[in-house]
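Right, one structure below, let's go through it.
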Amino acid sequence: MKWQGRRGSRNIEDRRRSGSARVGGVGGIGAVVLLLAGWYFGVDVSGFVADGNGGGGAQGGEITAQDERAGEFVSVTLADTEEVWADVFRAQVGQAYTPPTLVLFKGSTQSACGGASAATGPFYCPPEKKAFLDTSFFTTLEQRMGAGGDFAAAYVVAHEIAHHVQNELGILGQANQIRAQVDEARSNAISVRIELQADCFSGIWAKSVQAKFGSLERGDIAEAMNAAKQIGDDTLQRNAGQRVQPHTFTHGTSEQRQRWFARGYQSGMIADCDTFSANQL
Ligand SMILES: [Zn+2]
15 MKWQGRRGSR
25 NIEDRRRSGS
35 ARVGGVGGIG
45 AVVLLLAGWY
55 FGVDVSGFVA
65 DGNGGGGAQG
75 GEITAQDERA
85 GEFVSVTLAD
95 TEEVWADVFR
105 AQVGQAYTPP
115 TLVLFKGSTQ
125 SACGGASAAT
135 GPFYCPPEKK
145 AFLDTSFFTT
155 LEQRMGAGGD
165 FAAAYVVAHE
175 IAHHVQNELG
185 ILGQANQIRA
195 QVDEARSNAI
205 SVRIELQADC
215 FSGIWAKSVQ
225 AKFGSLERGD
235 IAEAMNAAKQ
245 IGDDTLQRNA
255 GQRVQPHTFT
265 HGTSEQRQRW
275 FARGYQSGMI
285 ADCDTFSANQ
295 L
C-alpha cells in the first residue's frame with residue numbers, strides 16, 4: 015500500500031506518551047443501563063487473539079521508531095476510511111458520515127467498554143464511538159498469527175472502522191439489543207453476522223480506496239485475504255491447540271471471512287453485505 019507522504023487523519027487520540035493513567039468514567043446506574051441494552055460491550059475484544067496472550071510493550075514504555083511509523087501508517091489508513099465512507103454514505107445511504115476517533119495506546123488503557131491491553135487486541139467501543147489499537151498488535155499479527163504485510167494491518171484498521179460504520183447505520187445497536195435477549199449460542203451466531211458484515215465493509219473500503227487513490231500495490235489484496243484466513247475462528251482455535259467448536263464462533267470461519275471480504279471488494283455496495291438476511295454465510 016502506498017501510504018508514505020500521504021495525508022493523515024486528525025481523528026487520532028494518541029495516548030502512547032501519556033501512559034495508561036486514564037480511568038474510565040462510566041459506572042453506576044449508567045453502566046447498568048448500557049449493559050442491559052447490550053451496548054456496553056466492545057466489538058472484537060479478544061476477537062483477534064484466541065489464546066488471550068498477545069505480546070506487547072510495557073505500559074507507558076518508550077516510543078520506538080517502529081511505533082512512530084506504525085502510528086503514521088494508521089493515521090493515513092484512517093484518513094482513507096474517512097474519505098471513502100463519506101463518499102459511500104453520500105452515494106448509497108443518503109446521509110453524512112461522521113468519522114470515529116481512533117485511540118492509539120501502548121501497553122494498556124481504559125475505555126467505556128472496559129480495560130484495553132495488547133492482549134485484548136484492537137476493538138471498537140460503540141458508546142464512545144472510538145476504535146482502540148495498540149500498534150504492537152501489528153507485530154503479533156505478523157509474527158504470531160502469520161498475517162504479515164502492510165495491507166493486512168490496513169485491513170485490521172478498516173475492519174474496526176467498519177464496526178463504526180455499522181454503528182452509524184444503526185445495525186450494531188439493533189443486533190446487540192437482540193444479543194442481550196438470547197442464549198449464548200444464538201448471541202454468538204449474531205456476532206458472526208456482525209463480524210462478517212464488517213469484513214464485507216472492509217472489502218468495500220479496499221475497492222473504493224483503490225478507485226479513489228490508486229494506493230493499492232501488487233499483493234495487497236492477497237495480504238488482506240491471508241489476514242482474513244489467519245483470524246478465522248476455526249484457524250485460531252486450531253492454532254491454539256483447541257478443538258474446533260462452531261457454536262463458540264464469534265467471527266466466522268477463515269473461509270467465510272475471506273468470502274465476505276471478497277464480496278465487498280468485488281461489489282462495493284453496502285446492500286451486498288447484508289449478512290443478516292443471508293441464508294448461508
Ligand atoms: Zn470485528
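For the sequence shown, the numbering used here gives the first residue as 15, with consecutive numbering after it.
Virtual Cβ for every residue (Gly too), placed ideally from N, Cα, C.
Alpha helix (DSSP H) segment containing residue i, residue limits
| i | result |
| --- | --- |
| valine 90 | 79-102 |
| glycine 217 | 198-227 |
| methionine 239 | 234-244 |
| alanine 194 | Where alanine 194 is concerned, there is no enclosing alpha helix (DSSP H), given that its DSSP letter is neither H nor E. |
| aspartate 164 | 164-182 |
| leucine 155 | 151-157 |
| asparagine 253 | 247-253 |
| glycine 278 | 268-281 |
Residues that residue i bridges to, as DSSP identifies them
| i | result |
| --- | --- |
| glutamate 27 | Val117 |
| glycine 128 | Ser125 |
| phenylalanine 137 | Phe146 |
| valine 258 | Valine 258 pairs with nothing; no bridge assigned. |
| valine 57 | Tyr138 |
For residue j and residue i, the rounded distance between their alpha carbons
| i | j | result |
| --- | --- | --- |
| aspartate 65 | asparagine 253 | Note that aspartate 65 scores a pLDDT of 41, beneath 50, so its modelled location is shaky; the value from the coordinates is reported in the next line. Near 9 Å, if we compare the C-alpha coordinates of asparagine 253 and aspartate 65. |
| alanine 199 | isoleucine 208 | 14 Å |
| leucine 295 | threonine 289 | 7 Å |
| methionine 159 | alanine 167 | 12 Å |
| alanine 292 | glutamine 272 | 16 Å |
| alanine 132 | histidine 261 | 26 Å |
| glycine 282 | glycine 228 | 15 Å |
| glutamine 251 | valine 206 | 15 Å |
| serine 222 | aspartate 286 | 15 Å |
| serine 150 | lysine 143 | 22 Å |
| glycine 135 | valine 107 | 30 Å |
| alanine 145 | valine 179 | 12 Å |
| proline 141 | glutamine 191 | 13 Å |
| leucine 118 | alanine 84 | 10 Å |
| glutamine 259 | glutamate 27 | 37 Å |
| alanine 51 | glutamine 256 | Note that alanine 51 has pLDDT 37, beneath the 50 cutoff, so the model's placement of it is unreliable and no number is given. |
| alanine 72 | glutamine 80 | Low local confidence applies: a pLDDT of 42 at alanine 72 is under 50, so the model's placement there is unreliable, with the coordinate-based value given in what follows. Rounded to whole angstroms, alanine 72 to glutamine 80 spans 15 Å at the Cα level. |
| leucine 230 | isoleucine 185 | 29 Å |
| alanine 225 | valine 98 | 10 Å |
| glutamate 269 | glutamine 244 | 10 Å |
Same chain, Cβ closer than 6 Å to residue i, five either side skipped, listed in chain order
| i | result |
| --- | --- |
| valine 40 | Unreliable placement is indicated for valine 40, whose pLDDT of 45 sits below 50; no coordinate value is reported for it. |
| alanine 236 | none |
| arginine 20 | Val90 |
| glutamate 156 | Gly162 |
| isoleucine 77 | Arg30 |
| isoleucine 175 | Thr95 |
| alanine 220 | Tyr279 |
| isoleucine 284 | Gln106 |
| aspartate 164 | Met15 |
| glycine 233 | none |
| alanine 189 | Ile204, Ile208 |
Residue i, enclosing beta strand (DSSP E) - first and last residue
| i | result |
| --- | --- |
| alanine 145 | 144-148 |
Cβ neighbours of residue i in the same chain (closer than 7 Å, five flanking residues each side left out)
| i | result |
| --- | --- |
| phenylalanine 103 | Gln109, Ala110, Tyr111 |
| phenylalanine 275 | Asp213, Cys214, Ser216, Gly217, Ala238, Met239, Ala242 |
| tyrosine 138 | Gly56, Val57, Asp58, Ala145, Glu174, His177, His178 |
Residues near residue i by beta carbon distance below 8 Å, same chain, minus five either side
| i | result |
| --- | --- |
| asparagine 67 | Low local confidence applies: a pLDDT of 39 at asparagine 67 is under 50, so the model's placement there is unreliable, and no value is given. |
| valine 47 | The predicted model places valine 47 with a pLDDT of 42, which falls under 50 and marks its position as unreliable; any figure quoted below should be read in that light. Cβ neighbours of valine 47 beyond the five flanking positions: none. |
| asparagine 25 | Leu92, Glu96, Pro113, Pro114, Thr115, Leu116 |
| threonine 264 | Gly61, Asn202, Ser205, Val206, Glu209, Asp247 |
Chain D contact for residue i (CB, 8 Å cutoff)
| i | result |
| --- | --- |
| proline 260 | In summary, chain D is missing from the structure at hand, where a single protein chain is found. |
| task | With ligand 2 as the reference, list in chain order each residue whose Cβ lies under 5 Å from any of its heavy atoms. | result | With respect to ligand 2, the structure offers nothing, as its ligand set consists of ligand 1.
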